[in-house]
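Report on the structure given below.
Residue numbers (our numbering), protein chains in the order written: chain A, 1 to 338; chain U, 1001 to 1298.
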């Protein structure tokens, strides 16, 4: 137990020590109390910001900690969503359907990312090719799902739906209890918390140290006797599954998924969250994901067409002036002042 | 059915597809090969080229001149981006990737806001003529010719002009080039604006064959980047020509047999297989072969 606490409080992420954790739990209590002050609709909207965080975590892990940039994590988001829709939709009425759907989604993510990772990491291609291949992969998936309209594209009794996407995806349920509204908000919050602590443990553990070693110097890590191809592949699969969790939560939240969730504009978003927040820190990614999702949601719900321009400009400004991320650099400044 | 026209039709499609990939990837591969910058705003540069061509064409400028204009305009825009933003990211490949993505978002949405969602299209210049049962578009034949012209022009620029030699020196060893009095910063700016200009040129040349919209750049992303990945960055011309021919051979046959979508899937699979065999792309393998040959004859 002591060991685990030490790992959670490790030095591979910003935010250590009693003061930080006191603040952290204070904010957490606010998050837990938040639904008591707002309507179920607002809580559900806020849950949308939360459900994107696991994908941000996934990119943070693979980009910030392992040094491999993936532009195509939305592919796993979409695949998991579609897999859940197919499985849970076919088992409609069966209370085990959604749970099997979640498992199925994660299995699909693991298999596809494993195959992709095998080709990419075991051929030791140059680093700049990986983002391009992942991007092309997600664009291909989008094209594939767009052309699946019509009655011949169905699995069991679920239509894939082409450009309009898959609809009527069931809520997540355990036994007879369905997660929607307030309960969905708490469900997302708990998942994010569990993943946050889990990932802090992961990156501060021995595995995490080696992964960071790969980022710092591939050749040296390999000379120390680690199979970097395998480790990179495993990290890639973990982060793909994190993106998959976001996709699962998304379809459970909105009950539909469209191919544009795997499109080029969506693919940009997790990269932006990580870059703006700071790619070396899970806490910064949480912060940036919530703020940026809130920003783009507010802008676009007001019919403001400048949302993409503003977010793109923000990304350029961050990369030029705050290369390690705005949240991380502010945090480091604050520590220096103290 | 007579086999002759079928073969000619296949060859025509092969070269037309190769011309498309070549035009889509040329600007990208030059920037990557010479400067090690992956320009994700490439599709948007092509889109701007198409917009410049469309606007000038409908203002009454002949198509040939509007294509040249689009090269110049996009080259200038690219040069400005290099001076303001890109030059801070030399040596940081992933940083450059992300920042050019930001640029592409701004350019795409900005164009939508400025010009609206639709543009009048350009009529395809030239007619078509029949050979056997198949008919061929003259414009695509012209595009194939333009590609060959561009290859010769690039080869001349990078083999005989002062700029080309300095650029090659900078690419091989920028510190040494600096010591010998080459202004590498200037070379990088020129190279980036040439790459951007060629993207604009490609966009302008392909604009009559497609609908012109603010996010049209996205459809070039997959083919252009696959071409670059397969070609590699060791030698710009070998890479671009070799990989666009190979990929077009794959795409033409698979696409004919199974439909356009599987043609694109086959492109990705080919890319995965090629990089599994030749991690640095075709151009590196080919270059090595040539180097070996020239050593053994000496």
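For glycine and all other residues, C-beta sits at the position ideal for the given N, C-alpha and C.
Everything numeric in this text was worked out from a predicted model, so none of it was measured.
Assigned exposure category for residue i - 16 Cβ within 10 Å defines buried
i, result
"residue 200 (chain A)", "buried"
"residue 1316 (chain U)", "Lying outside 1001 to 1298, the shown extent of chain U, residue 1316 (chain U) is not represented and no answer is given."
"residue 1032 (chain U)", "buried"
"residue 1207 (chain U)", "buried"
"residue 157 (chain A)", "exposed"
"residue 246 (chain A)", "buried"
"residue 36 (chain A)", "exposed"
"residue 1289 (chain U)", "exposed"
"residue 13 (chain A)", "buried"
"residue 1259 (chain U)", "exposed"
"residue 1062 (chain U)", "exposed"
"residue 279 (chain A)", "buried"
"residue 261 (chain A)", "buried"
"residue 54 (chain A)", "buried"
"residue 3 (chain A)", "exposed"
"residue 1 (chain A)", "exposed"
"residue 942 (chain U)", "What is shown of chain U runs 1001 to 1298, which leaves residue 942 (chain U) out entirely."
"residue 1060 (chain U)", "exposed"
"residue 1173 (chain U)", "exposed"
"residue 22 (chain A)", "exposed"
"residue 1120 (chain U)", "exposed"
"residue 29 (chain A)", "exposed"
"residue 96 (chain A)", "exposed"
Cβ-heavy atom distance, residue i to the ligand FAD, below 6 Å
i, result
"residue 47 (chain A)", "In the structure on display, the ligand FAD does not appear, and there are no ligands present to speak of."
Backbone CA spacing between residue i and residue j [nearest angstrom]
i, j, result
"residue 75 (chain A)", "residue 258 (chain A)", "12 Å"
"residue 242 (chain A)", "residue 105 (chain A)", "11 Å"
"residue 50 (chain A)", "residue 1100 (chain U)", "28 Å"
"residue 211 (chain A)", "residue 1085 (chain U)", "31 Å"
"residue 1118 (chain U)", "residue 1214 (chain U)", "8 Å"
"residue 1046 (chain U)", "residue 1028 (chain U)", "10 Å"
"residue 1249 (chain U)", "residue 1142 (chain U)", "20 Å"
"residue 150 (chain A)", "residue 1186 (chain U)", "55 Å"
"residue 1200 (chain U)", "residue 1075 (chain U)", "8 Å"
"residue 1152 (chain U)", "residue 85 (chain A)", "53 Å"
"residue 240 (chain A)", "residue 1030 (chain U)", "32 Å"
"residue 325 (chain A)", "residue 334 (chain A)", "14 Å"
"residue 216 (chain A)", "residue 332 (chain A)", "21 Å"
"residue 209 (chain A)", "residue 1094 (chain U)", "22 Å"
"residue 1144 (chain U)", "residue 1178 (chain U)", "38 Å"
"residue 214 (chain A)", "residue 127 (chain A)", "12 Å"
"residue 1196 (chain U)", "residue 1048 (chain U)", "10 Å"
"residue 11 (chain A)", "residue 18 (chain A)", "14 Å"
"residue 1286 (chain U)", "residue 222 (chain A)", "29 Å"
"residue 1176 (chain U)", "residue 233 (chain A)", "38 Å"
"residue 1015 (chain U)", "residue 1271 (chain U)", "19 Å"
"residue 40 (chain A)", "residue 31 (chain A)", "14 Å"
"residue 134 (chain A)", "residue 1205 (chain U)", "28 Å"
Presumed contact (8 Å Cβ cut-off) between residue i and residue j, rounded CB distance
i, j, result
"residue 162 (chain A)", "residue 146 (chain A)", "6 Å"
"residue 72 (chain A)", "residue 138 (chain A)", "4 Å"
"residue 1217 (chain U)", "residue 1079 (chain U)", "Contact doesn't hold; Cβ gap of about 19 Å is too wide."
Residue from the options with nearest C-alpha to residue i
i, options, result
"residue 1138 (chain U)", "U:1209, U:1053 and U:1087", "U:1209"
"residue 1256 (chain U)", "U:1005, U:1010, U:1003 and U:1004", "U:1010"
"residue 229 (chain A)", "A:279, A:172, A:121 and A:142", "A:121"
"residue 248 (chain A)", "A:77, A:334 and A:2", "A:77"
"residue 1274 (chain U)", "U:1025, U:1296, U:1072 and U:1246", "U:1246"
"residue 307 (chain A)", "A:332, A:265 and A:322", "A:265"
"residue 1092 (chain U)", "A:269, A:111, A:67 and A:93", "A:67"
"residue 349 (chain A)", "A:263, A:334, A:231 and A:138", "Because chain A spans 1 through 338 in this model, residue 349 (chain A) falls outside it and cannot be assessed."
"residue 329 (chain A)", "A:29, A:277 and A:26", "A:277"
"residue 1058 (chain U)", "U:1154, U:1072 and U:1123", "U:1123"
"residue 321 (chain A)", "U:1089, U:1051, U:1082 and U:1048", "U:1089"
"residue 339 (chain A)", "A:119, A:171 and A:30", "The question about residue 339 (chain A) has no answer here: the residues shown for chain A are numbered 1 through 338."
"residue 131 (chain A)", "A:95, A:142, A:117 and A:8", "A:117"
"residue 1053 (chain U)", "U:1296, U:1202 and U:1241", "U:1202"
"residue 1021 (chain U)", "U:1034, U:1155, U:1003 and U:1147", "U:1147"
"residue 1034 (chain U)", "U:1242, U:1190 and U:1263", "U:1190"
### Message
For the region 29-45 of chain A against the region 180-198 of chain A, do three or more pairs of beta-carbon atoms, one drawn from each stretch, fall closer than 8 Å, so that the two count as touching?
### Response
The answer is yes - the region 180-198 of chain A touches the region 29-45 of chain A, with three or more Cβ pairs under 8 Å.
### Query
Any chance the region 1097-1114 of chain U sits against the region 297-316 of chain A, with 3 or more Cβ pairs inside 8 Å?
yes
### Task
Specify whether the region 1264-1271 of chain U and the region 1220-1231 of chain U touch according to this definition: at least 3 beta carbon pairs, one from each stretch, less than 8 Å apart.
yes
#### Entry: Validate contact between the region 1057-1073 of chain U and the region 1214-1224 of chain U using beta carbons, cut 8 Å, 3 pairs
no
### Query
Is the region 277-290 of chain A in contact with the region 79-87 of chain A, if contact means three or more CB pairs nearer than 8 Å?
By the Cβ criterion, the region 277-290 of chain A is not in contact with the region 79-87 of chain A, since fewer than three pairs of Cβ atoms, one from each stretch, lie closer than 8 Å.
### Query
Between the region 285-294 of chain A and the region 96-111 of chain A, do at least 3 Cβ pairs fall closer than 8 Å?
Result no; under three Cβ-Cβ pairs closer than 8 Å.
### Message
Pairs of beta-carbons, one from the region 59-69 of chain A and one from the region 247-254 of chain A, closer than 8 Å: are there three or more?
### Response
At 8 Å Cβ cutoff, the stretches do not touch.
### Query
Are there three or more Cβ pairs, one per stretch, closer than 8 Å when the region 1006-1020 of chain U is compared with the region 1157-1171 of chain U?
no
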